[in-house]
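Below: the structure, in structure tokens.
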Amino acid sequence: MPKEIQITYATKDGKLVFIDNVGNGLACGCKCTKCGESLVAKNKGKIKEHHFAHAIDSDCNGESLKHYMAKKEIEEWKVLNLPAPPPKHRPFGFSY
Ligand SMILES: [Zn+2]
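Okay, here's the thing in structure tokens:
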């Protein structure tokens, strides 16, 4: 079973923030980048990896920073730059 993604980035006042750069708990004022719901920052512990959790029960498990950045790139530039696929996966006629 794949490891659950820890939510380590969120938005605050429309800007992307990292878990260690916000206050602890619900007072962080952060929102989930995927569903927009309020998040609780859990960044005071020394045993578990610092992460955000949804303030209310949610089926959403957030998204990776890569996914978020890809969405933003598409929104802003209307294109997505991806690395070239390895040779055996390149379709016939593929060129850069
Ligand atoms: Zn969410």
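Per our numbering, the sequence shown starts with residue 13, numbered consecutively. Using N, Cα and C, we set each Cβ at its ideal position, and we do this for glycine too.
In the structure shown, Leu77 falls within a helical segment according to DSSP collapsed to helix, strand and coil. The beta carbon of Thr23 lies closer than 6 Å to those of Lys43, Thr45 in the same chain, with the five residues before and after it left out.
Setting aside the 5 residues that flank it on each side, Ser50 is surrounded in the same chain by Leu38, Lys43, Ala67, each with a C-beta closer than 7 Å to its C-beta; the list follows chain order. Taking 3 residues as the shortest admissible run, the stretch 48-105 contains the following complete beta strand (DSSP E) segments, listed from N- to C-terminal end: 50-54, 63-66. A distance below 8 Å separates the beta carbons of Ile31 and Phe64. The Cβ neighbour count for Ile19, taken over all protein chains shown within 10 Å, is at least 16; the residue is labelled buried. For Gly37, the enclosing beta strand (DSSP E) has its first and last residue at 37-43. The beta-carbon separation of Tyr21 and Val29, rounded to 7 Å, stays under the 8 Å limit for a contact.
Between Ala53 and Cys72, the C-beta spacing is not below 8 Å.
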